[in-house]
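Okay, so the sequence shown: first residue is 465 according to the working numbering, each after it adds one.
Think of the CB as a built atom: it goes at the ideal place given N, C-alpha and C, for glycine as much as any other residue.
Computed from a prediction, not measured in an experiment: that's the story for all the values here.
Comments concern the structure below.
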Amino acid sequence: MKKINSKNKTKIRLESKSRTRGLLLLGGIIVIAAIALYGPQLNSKSIPDVINYSSFEGEIIPDSIICMVRGDIKSKGSLPIQIGAKTYYGCCEKCLLKLEQNIDNIQYAVDPVSGQTFSKADAIVRQDPQDHKRVLFFKSDETYDQYLKLINKK
465 MKKINSKNKT KIRLESKSRT RGLLLLGGII VIAAIALYGP QLNSKSIPDV INYSSFEGEI
525 IPDSIICMVR GDIKSKGSLP IQIGAKTYYG CCEKCLLKLE QNIDNIQYAV DPVSGQTFSK
585 ADAIVRQDPQ DHKRVLFFKS DETYDQYLKL INKK
């Protein structure tokens, strides 16, 4: 049997410490690489986009950023669904299903001024002046202008 003297013990300890340091360094590099690679993806899911709602004031709002079921403006856009020749937008699968099945006649809106019923896919979508996170559906620009006159008289 080979006898281990104090020089060999010291050498073994140094090799063991070097190996441990090397493994720790390698582990640290892997962790930093993973954070650099996946960190932005994880961070983008946890922090919602911020909308400047006042930027929509008086403007026609694109269908692609609203939920036609809930009637609100979405920060990350909406999902389209083709129904016949028309395209509707919902914020989630549940809303798309409601649009597809036309639950509670959800594909249609009533113009707040004329009282006429029409497809939301054909609507002029404007921001609700009384709740900037919500939208109103109008049959035409003329009924929107009439609506503004009516609410400004109050």
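What is the DSSP secondary structure of residue i, counted as helix, strand or coil?
i, result
"valine 495", "helix"
"alanine 573", "strand"
"serine 604", "coil"
"aspartate 609", "helix"
"glutamine 591", "strand"
Please list, in chain order, all residues of the same chain as residue i whose beta carbon is under 7 Å from its beta carbon, the five residues on each side excluded.
i, result
"serine 604", "Ile588"
"tyrosine 572", "Thr581, Phe582, Ser583 and Lys584"
What distance in whole Å lies between the Cβ atoms of residue j and residue i, which are believed to be in contact at a cut-off of 8 Å?
i, j, result
"lysine 597", "aspartate 536", "6 Å"
Ignore the nearest five residues each way along the sequence and tell me which others in residue i's own chain have a CB closer than 8 Å to its CB.
i, result
"valine 495", "none"
"leucine 614", "Val577"
"lysine 538", "Ile529, Ile530, Cys531 and Cys555"
"aspartate 595", "none"
"alanine 549", "none"
Would residue i pass as a contact of residue j if the rule is Cβ separation under 8 Å?
i, j, result
"serine 519", "cysteine 531", "no"
"leucine 563", "isoleucine 547", "yes"
"leucine 600", "aspartate 609", "no"
"valine 533", "isoleucine 499", "no"
"isoleucine 525", "arginine 590", "yes"
"aspartate 527", "tyrosine 553", "yes"
Does any residue of chain B bring its CB to less than 8 Å from the CB of residue i?
i, result
"isoleucine 499", "Of the chains in the structure shown, none is chain B; there is only one protein chain."
I want to check one thing, is the minimum distance from the CB of residue i to the heavy atoms of the ligand SAM below 7 Å?
i, result
"cysteine 555", "This structure lacks the ligand SAM; in fact it carries no ligand of any kind."
Just to confirm my understanding: we take residue i, look at its own chain, exclude 5 residues before and 5 after, and list those with CB closer than 6 Å. What are they?
i, result
"threonine 607", "Asp575, Val577 and Ser578"
"proline 544", "Thr551 and Tyr553"
What are the start and end residues of each continuous beta strand (DSSP E) run of 3 or more residues lying completely inside the region 522-578, in chain order? 543-547, 550-554 and 572-574
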